[in-house]
Each structure stands twice: as structure tokens, then as C-alpha cells.
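Below is one structure, written out as C-alpha cells, with a few remarks after it.
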Amino acid sequence: MTSLPRIRKPQHCRSSRSPNTLKLLLFCHFKASGTLFARFPRFFSLMLLKLLASVFGTAFAWALYWVLKAVYSEITSPWRYLRGPPSRHWFYGNWKEFMDDEDLGLQESWFQQYGRTSKFHLFFVSAYRFQTPISQLNGVQGKTTLHTSDTKAIHHILSNTHIYQKSEASRFSLGRVVGPGILVVENEQHKQQRKIMNPAFGAPQVRELTEIFVDKSIELRDIWAAQASKSDNGVGRVEVLSWLSKATLDIIGLAGFNYKIDALGAEPGAAPNELAGAFEALFIGETGFSYLRFLQLRFPIFRKIPLKQDEQIVAAQATMTRIGRGLLADSKREISENGTFEMGTGRARDLLSLLVRANTSKDLPNSQRPSDEDVIAQVPTFLVAGHETTSTAVTWTLFALTQNTAAQTRLREELLCVPTDRPTMDELNALPYLDCVVRETLRVHAPVPYTNRISLSDDVVPLGTPVTDTRGVIHDTLRMRKGEMLLIPIIALNRDVEIWGPDAMQFIPERWEVPIPGASAIPGVWGHMMTFLGGPRSCIGYRFALVEMKALIFTLVRAFEFELAVPIAEMSQQGTAIVQRPIVITDRAAGNQLPLLVKPVAR
């Protein structure tokens, strides 16, 4: 065999003592390589072709293996004979119509057509990687997703958190906005964080915090009154969503972290507070169906491709993390100087003080003591989730009251009977019709419309309502395989006509004045509805949110009459990273909003 001739290095490449060694070696390498290729082009061309064929052949074989595995998983699925909507696309199934469903009526129509438990086609295949307490799930999922409003099945799923957890795609989507806090973590880490933070959201603490809720509600009321006074007819046009978002951001800053954000106090036209500006960036972005976002959720490798909103999200996260570090440092300094938090400052039982106490406690073992990073992670979690859901819920309350003027009038009459502008928590909870309005809003307009779970092991799910498949076979249980995903349709269950009656889609607060027998089976943590979920992962701050809602509604409805500022046909809703917010169809460029006419009540 003829050996390749030895290539002589150029004269200037022979010395190894050159001061620019790395640069010279690279130059010599490419010069020698170029010389080789120039002298033996056919040899190196064949080598390159073999290399490329090997790479593409391996990639094709890998892709073919996983596609065949997904197809096999589909045709052997225990759900293969379940009824459900036909797939709309060979790759993304029903995902596009699901994401484009602005009025959230798609799920209800599926239940009416295919029954309480059905399947739909979410995607063809999807890579997943999921950490469990004892192992890690890796692979590619098939396309079928279980869709159930069966209350017995949902109770089983939400109760068994060691088997059913948020999907990796859901955790990625949520985590990129709120960070790695209690909403994202699982297993023991979640249990420990929840145990530490529970006292911050108990009834005694919320009772103390009600004064903050009322103070900020009155500040917002005065701002709206000033706007109305500037108009010729005494009626102001107010974009209530943004103002309510500022109010609830101020509230969670003070009540949760003893941090003054003062988003309401910013001068008109002035740059927003640093943190308020960060939140505005978080909720401006793509909505509906996005091909790249779809690929990022299903295949983690595509997450390396930045979206236009990602830069804003990263900047917002950096702002919240920096503020969190500052709050943690200040709290530790206060403990170091005083031995504890000063009583009477609101710090005794707020969220941050409880976290810092656990962080600095010498009584807790290291495995149960939250690290600095664990504490800091809760700051964006509660600042985002703690203000966004409540502001959206109150916004939908005001919208609903504009569409039911009788309910608005009756509510105002009840509120005006209270002899003070500054009610306590107990006084707010003693108002029966206010409670009915809050319940009905959270039923009809649940801010978070659905959630999902993935099974970490094989399981059998019991059904309260047996399901008949396409062969006529009746099932009272469903078999779940490891890695399968299911959807829990929060808002569809809240509007289920079999539970709530034929007027389930309508906002009728009076329905709560009598017991609703079918609703008692819904495994929600509050109010016989799924709005705050149920089980060990139910909303930790639901008591906080309810009293905060009541304080805002009490103050605003006492002070103003509300009317929709645009025709009802122009209103719709649009999903953000966390919640469903209202939008004006003819003014989508302005983002999520609810413009109302605000008229001060004559007293």
C-alpha cells in the first residue's frame, strides 16, 4: 500500500519557541491541511462524503426508531379506542385549534360530543426528560392526550402527586416566567417549601394584611375618581386591567415581602417602576399558536433558538432576582442586628420573614433548610403569580358586572350598607352577595383555564362516570402508562352543564344562594370548583387572594358604576404565559385590556 508522503512544514512553522504559539500552530495546521487537500482532493472528498453519510445515516436511524416507537405506542395504547376529536394535522394534531380557542368553548364542545373522558391529538411525537424521585424519564411521547372532567378521576390524579406531576413542557413554560419557585418544583422540595410558607397564607396573617388590601384599593379608587372628574360629563374612560395589575403588584410587594413598589404612585407618562416595568415585559408576547414555541415545548433542543420575547423575559427575571437578593440581604441584616424581625412592622409572619427564618434556622437539618437560592426563587414566583391572577380575576368581575346590571346594582346596595370605607376581613366575609359575586366570577372566569399532568409510573385511574369506547365496550377505569399526559380542564369543569345546569355559561351570582348538589363532588380546595385546584398542590394563597379580591371589589363597586366602553362584540380573551386576560379584538396591538366607563356614585 502506498503511504501518504510526509508533508514538510513551512520554514516559519518549524520553531516551537515562537511567542505567538497558539496563533502560529493554527496557521500551520490549516496551511498543512490545505496542502494535503490540494494534493489529494479525491481522497479527502471521499472521506468527507463517508463522514457525512455516517452522520446523516445515524440521525435518520435515530429519528426512524423514535417515530416507529411513537407509532407503536399509539397503536398499542390502552386509549386507542377512546372517542375524541379527529386530528387536524399529522404533526401537531389538535394543538393549533386548542391554542387558538379564545372563547374557551372548544373543551366544552368536546365533552358534549365525546363524553366526560375522551382523548385528543396534541402532537405526533415529543421528546421528554423528567426527573423522578428514583429515576429519570427520557424518550419520545406519542401524540394522544387524555382529556377528562370526571371528578373521581381528577381527585385520584390530584391526590397522587408522587405519580402525577406537571409535564416538562409545562414546567419549562411556567418556569421561564416565574422562575424555579414553589409552582415549578416537585416532590420533597415542594413539600418542604409549602410547609415553611403555609403560615404566611393562614387566616390570622390574612386578617392582619387586610388593611394593606383596603389601603391600596382606596388609593386606586381615588385615582379613578380623579380621572372621571377631568371629563366633561363626569364619566371617565379607564383601562381597568393595567390599573388593577398595579394595585395588586403593590399589595403583594408589601404583604409578601415588605417591599414598597408603588406602581400606583407613578406619575402619568413617567417611566414605570423598575419592577412594574419588568412585569409589563413578561406579559407582552406571542399568544395563540406559534410553530417555534410549539417545537420548543415538545423538543428541548429548539429552546436554544431565541424568540423575540425571550430577551425581555431574561431581563425581567434578572431584575426580580436582583431585588430578591437585596431583600434577602436586608432581612438577614435585620435578624443579625435585632435577633429577629421587629414586631409591629408587618414582618412577623410575612412570606419573606418565614423563608429567612427557615434559611437561618439552626434547628432545621440542612436537608430541610432552604438555601439562599431557594428563598430568592420565591420572589418572582409570588410577585408574578400573586398579583397577576388576582388582578385578572377582579378585572373579569367588573366585566361580568357590566353585563349583568341587576347584579351590579344589588351588590352596590349591599356594600353601601356597610358603615365604613375600611372593612376588616371578617366584615368583608360577612357580606353574602359579595361572596356570591366572587364565587361566580371564579367559576365562569377562572384565570387559569386548564393544567396538565404526566404519569411517572403505570397506574389505573378510577372513573365516576363509565365511558363507552368506539367498540361499545364500557370502562369504569382507565389504564395510564408511564410517560402519558392528561389534561385537567379547569374552566370546562367549572362550566359543566351537567353540574351547574343549562345556564352554566352565564354569570348568575344568585346560583350560590342555594346548595348545588352536583358541585360537591368537584375536588377543589375551595368553593366546589377547580379554580384553585385541589390536593397537595392546590393554590397556597387562595385565602389571601379571596380577601384581596373582596377588598378591591368592595371599594370600587361602592364608589363607581361601571359600563363597557366598547361594544361587547369587540371583546374576547387571550392567553398569556399564566392567565386568560381580556382583549379588544379591534385593538389587538394595544395588548390585553378592558376599557370601562367609570361613573362616580352619587351619595
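Every letter in the sequence shown is one number past the one before it in this note's numbering, and letter 3, counting from 1, is 5.
The C-beta atom is built at its ideal place from N, Cα and C for all residues, glycine as well.
Short of 6 Å in beta carbon distance, which residues of its chain neighbour residue i, apart from the five on each side in sequence? Order them along the chain.
{"i": "Ile-587", "result": "Glu-572 and Ser-574"}
{"i": "Ala-592", "result": "none"}
{"i": "Phe-174", "result": "none"}
{"i": "His-453", "result": "The sequence as given places Thr at residue 453; His does not occur at that position. Ile-490, listed in sequence order."}
{"i": "Trp-81", "result": "Lys-121 and Thr-146"}
{"i": "Gln-298", "result": "Phe-304 and Arg-305"}
{"i": "Arg-414", "result": "Val-559"}
{"i": "Glu-288", "result": "In this prediction, Glu-288 has a pLDDT of 48, which is less than 50 and means its spatial position is unreliable; what the coordinates show is noted afterwards. So no residue of the chain qualifies."}
{"i": "Gln-410", "result": "Leu-403"}
{"i": "Ser-172", "result": "Asn-454"}
{"i": "Met-345", "result": "Any reading at Met-345 must be qualified, since the residue scores a pLDDT of 44, below 50, and its modelled position is unreliable; the value itself is stated next. Closer than 6 Å at the Cβ level, and outside the excluded window around Met-345, lies no residue."}
Quick one: what's got a C-beta closer than 8 Å to residue i's C-beta in the same chain, skipping five residues either side?
{"i": "Leu-366", "result": "Ala-360"}
{"i": "Ala-228", "result": "none"}
{"i": "Thr-323", "result": "Gly-181, Ile-378, Val-381 and Pro-382"}
{"i": "Ile-136", "result": "For Ile-136, the pLDDT reaches just 30, beneath the cut-off of 50, and the residue's location in the model is therefore unreliable, although a value from the coordinates is still provided. Around Ile-136: no qualifying Cβ."}
{"i": "Ala-561", "result": "Arg-223, Trp-226, Ala-227, Pro-602 and Val-603"}
{"i": "Ala-249", "result": "Lys-218, Ser-219, Glu-221, Leu-222, Ala-265, Leu-266, Ser-393 and Leu-554"}
{"i": "Ser-372", "result": "The displayed chain sequence assigns Pro, not Ser, to residue 372. Once the five neighbours on either side are set aside, the close Cβ partners of Pro-372 are Gln-194, Gln-195, Ile-198, Leu-357, Ala-360 and Asn-361."}
{"i": "Glu-442", "result": "Ala-402, Phe-509, Ile-510, Pro-511, Arg-513 and Trp-514"}
{"i": "Val-462", "result": "Thr-479, Leu-480, Arg-481 and Met-482"}
DSSP puts residue i in a beta bridge; with which residues?
{"i": "Glu-1", "result": "Residue 1 lies beyond the residue range present for the chain, which begins at 3 and ends at 605; the question has no answer from this structure."}
{"i": "Asp-332", "result": "According to DSSP, Asp-332 bridges with nothing at all."}
{"i": "Leu-489", "result": "His-149 and Asn-454"}
{"i": "Lys-154", "result": "DSSP lists no partner for Lys-154."}
{"i": "Thr-479", "result": "Pro-464"}
{"i": "Tyr-435", "result": "Answer is none; Tyr-435 lacks a bridge partner."}
{"i": "Ser-120", "result": "His-149"}
{"i": "Val-469", "result": "His-477"}
{"i": "Tyr-261", "result": "Paired residues: none, contrary to the question."}
{"i": "Pro-2", "result": "Because the chain here runs from 3 to 605, residue 2 falls outside it and cannot be looked at."}
{"i": "Gln-167", "result": "Ile-456"}
Which residue wins for smallest C-alpha separation from residue i, given the options the options?
{"i": "Leu-176", "options": "Ile-214, Ala-278 and Val-386", "result": "Val-386"}
{"i": "Val-527", "options": "Gly-520, Ile-518, Gly-537 and Ala-521", "result": "Gly-537"}
{"i": "Phe-509", "options": "Gln-405, Ala-65, Arg-560 and Gln-319", "result": "Gln-405"}
{"i": "Pro-206", "options": "Phe-546, Ser-111 and Arg-445", "result": "Phe-546"}
{"i": "Glu-500", "options": "Pro-519, Thr-60 and Gly-485", "result": "Pro-519"}
{"i": "Gly-86", "options": "Val-57, Leu-53 and His-123", "result": "His-123"}
{"i": "Ala-318", "options": "Glu-276, Thr-426 and Thr-422", "result": "Glu-276"}
{"i": "Arg-483", "options": "Ala-432, Ser-79, Val-73 and Leu-51", "result": "Ser-79"}
{"i": "Glu-565", "options": "Ala-448, Leu-458, Asp-589 and Ala-408", "result": "Ala-408"}
{"i": "Leu-256", "options": "Leu-70, Thr-422, His-389 and His-91", "result": "His-389"}
{"i": "Trp-245", "options": "Gly-258, Gln-109, Asp-332 and Ala-268", "result": "Ala-268"}
{"i": "Gln-311", "options": "Leu-211, Leu-294 and Met-507", "result": "Leu-294"}
{"i": "Glu-210", "options": "Tyr-435, Leu-444, Asp-428 and Ala-280", "result": "Asp-428"}
{"i": "Ile-542", "options": "Met-507, Phe-62, Thr-391 and Leu-480", "result": "Thr-391"}
{"i": "Asp-376", "options": "Gln-191, Ser-247, Glu-336 and Leu-418", "result": "Gln-191"}
{"i": "Glu-486", "options": "Pro-308, Glu-76 and Trp-64", "result": "Glu-76"}
{"i": "Pro-425", "options": "Phe-556, Val-396, Lys-334 and Gly-328", "result": "Phe-556"}
{"i": "Gly-236", "options": "His-91, Val-462 and Glu-563", "result": "Glu-563"}
{"i": "Ala-320", "options": "Phe-281, Ile-307, Pro-308 and Glu-339", "result": "Phe-281"}
{"i": "Glu-550", "options": "His-157, Thr-212 and Ala-63", "result": "Thr-212"}
Using C-beta distances below 7 Å, list every residue in its chain close to residue i, excluding the 5 sequence neighbours before and after it, in chain order.
{"i": "Thr-153", "result": "Gly-466, Ala-523, Ile-524 and Pro-525"}
{"i": "Phe-401", "result": "Pro-584 and Leu-596"}
{"i": "Ser-151", "result": "Phe-113, Arg-118, Pro-491, Ala-494, Leu-495 and Asp-498"}
{"i": "Glu-1", "result": "Residue numbering for the chain in the displayed model covers 3 to 605; residue 1 lies beyond these limits and cannot be assessed."}
{"i": "Val-568", "result": "Val-586 and Pro-597"}
{"i": "Ile-263", "result": "Leu-251, Asp-252, Gly-255, Asn-275, Leu-277 and Ala-278"}
{"i": "Ile-303", "result": "none"}
{"i": "Leu-28", "result": "Low confidence applies here, because Leu-28 scores a pLDDT of 46, under 50, leaving its location unreliable and the question unanswered by this model."}
{"i": "Glu-416", "result": "Leu-433, Tyr-435 and Leu-436"}
{"i": "Arg-239", "result": "Ala-567, Pro-597 and Leu-599"}
{"i": "Thr-470", "result": "Ile-476"}
{"i": "Gly-370", "result": "It is Gln, not Gly, that sits at residue 370 in the sequence shown. So the qualifying residues of the chain are Gln-194."}
{"i": "Phe-384", "result": "Ile-254, Gly-258 and Leu-353"}
For residue i and residue j, which I take to be in contact (beta-carbon distance under 8 Å), what is that distance rounded to the nearest angstrom?
{"i": "Thr-353", "j": "Ala-202", "result": "Just to set this straight, residue 353 is Leu in the shown sequence, not Thr. Between Ala-202 and Leu-353 the Cβ distance is about 4 Å, and since that is below 8 Å, they are a contact."}
{"i": "Leu-148", "j": "Leu-535", "result": "Not a contact, Cβ separation roughly 17 Å."}
{"i": "Thr-394", "j": "Pro-449", "result": "4 Å"}
{"i": "Thr-472", "j": "Tyr-83", "result": "5 Å"}
{"i": "Ile-476", "j": "Pro-468", "result": "5 Å"}
{"i": "Arg-445", "j": "Met-531", "result": "5 Å"}
Self-check item: Contained beta strand (DSSP E) runs [length at least 3] in the segment 511-593, N- to C-terminal order
Solution: 562-566, 573-577 and 582-586
Self-check item: Runs of alpha helix (DSSP H) lying entirely within the segment 384-432, each at least 4 residues, in chain order
Solution: 407-418 and 427-431
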